[in-house]
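>
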């Protein structure tokens with residue numbers, strides 16, 4: 001194996017580990033550690049976010065404010081993680097699912113995700129989160145996901 005191949009594999013392994021840490025920290029409510037996975041200017045994007053839900057959150061301060069209440073609202077376990085190999089070793093494309101419940105309603109929160117994650121030096125610089133907001137709204141019993149989730 002050439003040095004280039006070894007470096008590529010190391011970068012890919014680091015990017016995938018960062019993503020795995022993201023799932024672990026989020027499911028265990030370790031929000032400060034989760035925020036630390038991002039670069040200072042890291043971006044979290046939600047292309048399918050419903051009305052009243054942010055389409056983009058930028059920087060560690062905003063990331064913390066956005067996610068700090070997640071453990072109050074959801075208890076989740078992520079499973080079925082599958083990475084798709086990319087030509088860019090620092091890019092993670094992952095499919096996975098969650099099983100859990102909304103703590104405020106007791107309703108199930110079973111979600112499927114596809115994530116596109118750009119990393120830089122082992123940190124998340126851009127995370128594009130593809131998920132179904134209708135599942136979250138049904139779980140929380142709310143038409144306004146933004147108001148329910150952020151408080």
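Residue numbers (the UniProt record's numbering): 1 to 151. The beta carbon of each residue, even a glycine, is placed where N, CA and C say it ideally should be.
#1: What does a CB cutoff of less than 7 angstroms around residue 16 pick up in its chain, not counting 5 residues either side in sequence?
#2: Would residue 9 be called buried (16 or more neighbouring beta carbons within 10 Å of its own) or exposed?
#3: Among the residues of its own chain, which have a CB less than 6 angstroms from the CB of residue 126, if the five just before and after it don't count?
#4: Among residues of its own chain, excluding the 5 on either side of residue 22, which ones have a beta-carbon nearer than 6 angstroms to its beta-carbon?
#5: Cα-Cα, which of 103, 95, 80, 53 is closest to residue 74?
#6: Can you have a look at residue 48 and say buried or exposed, based on whether 16 or more other CB atoms are within 10 angstroms of its CB?
The relevant details are as follows:
#1: 83, 92
#2: exposed
#3: 43, 118
#4: 37
#5: 103
#6: exposed
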